[in-house]
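Engineer:
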Amino acid sequence: MLKIYNTLTNKKEDFVPINHRAVRMYVCGPTTYDYFHIGNGRAFLFFDVVRRYFQYKGFKVLYVQNLTDIDDKIIQKAKEEKTDIDKIASKYIRAFQEDIKGLGIKRASIQPKATDYIHHMIKFIKRLEHKGFTYSKTGDVYFSVGKVKDYGKLSGKNIDQLKAGARVIADMNKEFAGDFVLWKKAKPGEPQWDSPWGKGRPGWHTECVVMAKDILDKENYSRRDDSSNPAELFDIHAGGVDLIFPHHENEIAQARADSNSQLANYWIHNGFINIEGEKMSKSLGNFFTVRDILKKYQAETIRHYYLSKHYRSSIDFNTEILRDSQNAYNKLLQPLKEYYRDKGTFPQKLKCERLFKEEFCLAMDDDFNTARALAVLFELGKEIHKSNTSKDLLVYTLLKLGKVVGFFRNISAHIKEAKQDVYTEKLINMLITYRNEFKQERKWIYADMIRDDLAKAGIVLQDTHEGTKWYFKDS
RNA sequence: GGCGACAUCGCCAAGUGGUAAGGCAAGGGUCUGCAAAAUCCUCAUUCCCCGGUUCGAAUCCGGGUGUCGCCUCCA
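Just so you know, the first sequence maps onto residues 51 to 525 in the working numbering.
Written as C-alpha cells, this is what we have:
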C-alpha cells in the first residue's frame with residue numbers, strides 16, 4: 051500500500067485514488083520570467099518520479115502543470131528589457147521546456163497558461179463576489195480570508211497568529227493583512243484585461259484553482275458518484291514547501307468558498323535546496339540555474355543528487371556533492387555497460403526479479419523514499435557482477451527499476467554512440483596495433499607514449515584479457 | 001513574537017521499539033610490463049548531550065544544546 055505524507059493532515063496516509071485506475075496530479079509550474087534554478091528543478095524532477103512510479107504501478111496519470119505567464123515579475127522583467135510580457139513569457143516557456151527535457155523529465159499531459167484563462171478567472175471571481183467572499187476598493191478585488199471556515203488548516207496557522215505576524219506588510223486597501231488580491235487594477239502601461247471591476251489582471255492565487263476545475267471538466271473527469279465529494283478533485287496537488295503558505299492555503303480557501311471543495315485530496319510538498327546551509331532562492335540571489343548545471347553535468351548525475359535524499363528534507367548543493375553523485379551513477383552504469391559490450395543488446399520482455407522489485411516498491415511505497423530505492427539499485431548492480439546464472443534477469447530488473455526513477459535514458463544509444471564514427475575507430479585501432487607491437491618488443495616508452503597522448507585527447511585505453519579496449523573519457 | 005522541522009561513520013544518506021541499508025572518500029588484495037579501469041574485501045558495539053519509560057531505544061517521553069525553515073514574492 052502506497053503511503054503519502056499529506057500536508058493537509060500532517061500525517062502519512064494510505065493513498066486511495068479517486069478513480070482506482072487513474073491518478074490525477076496538479077503540479078505547480080514555473081513563473082516564466084527567468085531560467086529556472088536547481089531548487090525549482092528539484093520539484094519538477096521529484097514529481098516526475100512520482101508520476102513515473104504511478105505509471106509503473108499501472109495507473110493512468112493525468113499530469114497538469116501550469117505556466118504562469120502573467121505576474122509582477124514578468125512585468126518587471128519586460129520593463130527592464132524594454133519589451134513586452136509576451137516576449138518574455140514565450141522566451142522562458144521555451145527555455146523551461148528545453149531544460150525540463152534536458153533533465154529527462156516527461157512533459158506534462160496538459161500545460162495550461164494563465165493568460166488563456168483570464169475570462170474563466172473573471173467568471174470565477176464574480177462567483178466568489180456573488181457569494182460574499184470578496185470586497186473591492188478602487189478597482190482591486192480582495193478575498194476575505196476570515197470568511198472561510200478552516201482557513202489555515204494546510205499551513206497550520208490560525209488567523210489570530212497571522213494578525214500578530216510581525217512581518218506582514220500592511221496594504222492600506224486590505225481589511226485584514228492576510229487577505230489576498232483576486233483582481234489587480236492595472237497601472238498605466240501594464241498589461242490589462244477588461245473586467246467588471248475595470249481594466250486589470252488576475253492575482254496569482256486564482257489561476258490554479260480555475261484551471262484545475264476547467265481541465266477536469268474538459269477531460270471529462272466526472273465527479274465521484276457519491277455526493278460527499280461536492281466538486282471536482284485532483285488526487286494530488288503538489289509543489290515546494292514555500293507554496294504551502296500563502297499560495298496553496300489561498301487556493302484551498304477559494305475552492306472552499308466556491309464549491310466547498312478542498313481542491314485535492316493529497317497535498318505534497320518538497321523541501322528546499324540550501325547553499326552552504328542557507329536557503330537558495332531567487333530573492334536571495336544565491337541560485338544556480340539548471341541550464342548552467344546541465345552544461346557541466348549529465349542529467350542523471352543531477353537526478354541522482356536530487357533523489358539521494360528524501361524529498362521532504364532540505365538538501366545541500368555544492369560541486370563536491372555533484373561529483374559524488376556522478377561517481378555513484380557511473381558505478382550503477384558499469385554493470386550495464388559491461389553487459390552491453392559483451393552481448394551487444396539488452397534483455398527484453400522479462401519479469402523483474404521478485405525480491406529486488408519488492409524491496410524497491412517497499413521503499414517507494416513509503417512516501418516515495420527514493421534514497422532507499424536507490425540503495426536497492428546499487429545492491430542490484432553488485433548482484434549483477436556476482437551472478438553467473440541470472441544476469442539477464444538482473445540486468446533487466448536494474449534497467450526497468452532504474453527507469454522508474456528516470457535513469458538509463460537512451461542507454462544503448464549512449465553506449466553505442468562512442469563508436470559510431472568509423473574513421474575514428476579505424477585510426478584508434480591502428481594506434482592500438484602499433485602500441486601492441488611496441489609492447490611485444492618491450493619498448494614501453496613508445497607504448498606508453500601512445501597511451502598517454504591518446505589520454506590527453508580524451509581517449510582512454512584499457513588492457514584487458516580480451517585485448518585492448520578503448521572509450522571516450524566522457525562516455 | 002507565533003508556528004514547525006532536523007541533529008546517524010571523514011562527507012552524503014536510509015532506518016521511527018528488537019539490536020546500524022546504500023553511495024562517495026579511504027585502506028588492502030586480484031588483474032597489469034607499469035598504469036588506468038574494473039572487481040573483491042575492510043571500514044559506526046554506536047546514532048548531539050542529560051535524564052526517564054521499557055526485557056529491549058538511534059527510534060517513545062521530559063529537559064538542554066545546535067542548525068534550518070515558515071509567518072512576505074519564491075520550488
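Note that the Cβ used here is the ideal one computed from N, Cα and C, for glycine as well.
As the structure is a computational prediction, the values presented were derived from the model and not from experiment.
1) Measuring alpha carbon to alpha carbon, tell me which residue in 154, 119, 71, 129 is nearest residue 344.
2) Throw me the rounded Cβ distance for the residue 418 and residue 451 pair, which I believe falls under 8 angstroms.
3) Residue 506: buried (16+ other C-beta within 10 angstroms of its C-beta) or exposed?
4) Look at the alpha carbon of residue 335 and the alpha carbon of residue 328, and state the distance between them as a whole number of angstroms.
5) Would you mind sorting residue 66 into buried or exposed? The rule is 16 or more other CB atoms within 10 Å of its CB.
6) Considering only residues of the same chain and omitting the five flanking positions on each side of residue 351, which have a CB-CB separation below 7 angstroms?
7) Could you name the residues of the same chain whose beta carbon sits closer than 6 angstroms to that of residue 215, not counting the 5 residues immediately before and after it, in chain order?
8) Which residues in the same chain have their Cβ closer than 7 angstroms to the Cβ of residue 325, if we skip the five residues on either side of it in sequence?
9) Since residue 290 is in the beta strand (DSSP E), which residue starts that stretch and which ends it?
10) Which residues in the same chain have their Cβ closer than 7 angstroms to the Cβ of residue 427, if we skip the five residues on either side of it in sequence?
11) Assign residue 485 to one of three DSSP states: helix, strand, or coil.
12) Quick one: Cα of residue 191 to Cα of residue 202, how far?
13) To the nearest angstrom, report how far apart residue 53 and residue 503 are at their CA atoms.
14) Along the chain, where does the beta strand (DSSP E) containing residue 385 start, and where does it finish?
15) Within its chain, find whatever has a CB closer than 7 angstroms to the CB of residue 444; leave out the 5 residues flanking it on each side and keep chain order.
16) Could you spell out where the beta strand (DSSP E) holding residue 94 opens and where it closes?
17) Quick one: give me the first and last residue of the alpha helix (DSSP H) that residue 494 is part of.
18) Contact between the stretch 83-103 and the stretch 147-166: three or more CB pairs below 8 angstroms?
19) Cutting at 7 angstroms between CB atoms, please list the residues of its own chain near residue 274, excluding the five before and the five after it.
20) Can you tell me the Cα-Cα spacing of residue 499 and residue 391, whole angstroms?
21) Leaving out five residues on either side along the sequence, give the residues of the same chain with a beta carbon under 6 angstroms from the beta carbon of residue 362.
22) Taking only three categories from DSSP, how would you classify residue 167?
23) Does the Cβ-Cβ distance between residue 341 and residue 149 come in under 8 angstroms?
24) Does the count of Cβ pairs from the stretch 175-184 and the stretch 231-249 closer than 8 angstroms reach three?
25) Are the Cβ atoms of residue 206 and residue 78 separated by less than 8 angstroms?
Structural biologist: For this structure:
1) Looking up residue 344 in the first sequence gives position 294. Cα-wise, what sits closest to residue 344 is 154.
2) As a working mapping, residue 418 is identified with position 368 in the first sequence. As a working mapping, residue 451 is identified with position 401 in the first sequence. Between residue 451 and residue 418 the Cβ distance is about 14 angstroms, and since that is not below 8 angstroms, they are no contact.
3) Here residue 506 refers to the residue found at position 456 of the first sequence. It is exposed - the Cβ of residue 506 has fewer than 16 other Cβ atoms within 10 Å.
4) Counting from one through the first sequence, the residue named residue 335 turns up at place 285. Counting from one through the first sequence, the residue named residue 328 turns up at place 278. Cα to Cα, residue 335 sits roughly 11 angstroms from residue 328.
5) Along the first sequence, read from residue 1 onward, the residue named residue 66 stands at position 16. It counts as exposed.
6) Residue numbering aside, residue 351 sits at position 301 when the first sequence is read from its first letter. Cβ neighbours of residue 351 beyond the five flanking positions: 372, 375, 376, 379.
7) If you number the first sequence from 1, residue 215 lands on position 165. Residue confidence is low: residue 215 scores 47 on pLDDT, short of 50, so the model does not pin down where it sits. Its coordinate-derived value is still stated next. Closer than 6 angstroms at Cβ, skipping near neighbours: no residue.
8) For this step, residue 325 is matched to residue 275 along the first sequence. 336, 367, listed in sequence order.
9) On the first sequence, residue 290 is found 240 positions in, with the first residue counted as 1. Taken as a continuous stretch (DSSP letters only), the beta strand (DSSP E) holding residue 290 covers 284-290.
10) Taking the first sequence and counting its residues from 1, one reaches residue 427 at position 377. So the list reads 382, 448, 451, 452, once near-sequence residues are dropped.
11) The sequence position of residue 485 within the first sequence is 435, counting from 1. The answer is helix: DSSP assigns residue 485 an H, G or I state.
12) Residue 191 sits at position 141 when you count from the first residue of the first sequence. Residue 202 sits at position 152 when you count from the first residue of the first sequence. Looking at the two C-alpha atoms, the distance is approximately 21 angstroms.
13) Looking up residue 53 in the first sequence gives position 3. Looking up residue 503 in the first sequence gives position 453. Near 55 angstroms, if we compare the C-alpha coordinates of residue 503 and residue 53.
14) The residue labelled residue 385 in the question sits at position 335 within the first sequence. Note, residue 385: premise wrong, no beta strand (DSSP E); alpha helix (DSSP H) at 369-393.
15) Position 394 of the first sequence holds residue 444. Excluding residues within five positions, the ones whose Cβ falls inside 7 angstroms are 403, 430, 433, 434, 437.
16) Translated into the one-based positions of the first sequence, residue 94 becomes position 44. Note, residue 94: premise wrong, no beta strand (DSSP E); alpha helix (DSSP H) at 88-106.
17) The residue given as residue 494 occupies position 444 in the first sequence. Where residue 494 is concerned, the enclosing alpha helix (DSSP H) stretches over 494-506.
18) yes
19) The count along the first sequence starts at 1 and reaches residue 274 at position 224. Low confidence applies here, because residue 274 scores a pLDDT of 47, under 50, leaving its location unreliable and the question unanswered by this model.
20) Translated into positions along the first sequence, residue 499 becomes position 449. Translated into positions along the first sequence, residue 391 becomes position 341. Spanning the two alpha carbons is a distance of roughly 27 angstroms.
21) Within the first sequence, residue 362 is the residue found at index 312, counting from 1. The residues are 321.
22) Position 117 of the first sequence, counting from 1, holds the residue named residue 167. Of the three classes helix, strand and coil, the one that applies to residue 167 here is helix, per DSSP.
23) Here residue 341 refers to the residue found at position 291 of the first sequence. Here residue 149 refers to the residue found at position 99 of the first sequence. Result yes, Cβ atoms of residue 341 and residue 149 sit closer than 8 angstroms.
24) yes
25) Residue 206 sits at position 156 when you count from the first residue of the first sequence. Residue 78 sits at position 28 when you count from the first residue of the first sequence. For residue 206 and residue 78, no; Cβs fall outside 8 angstroms.
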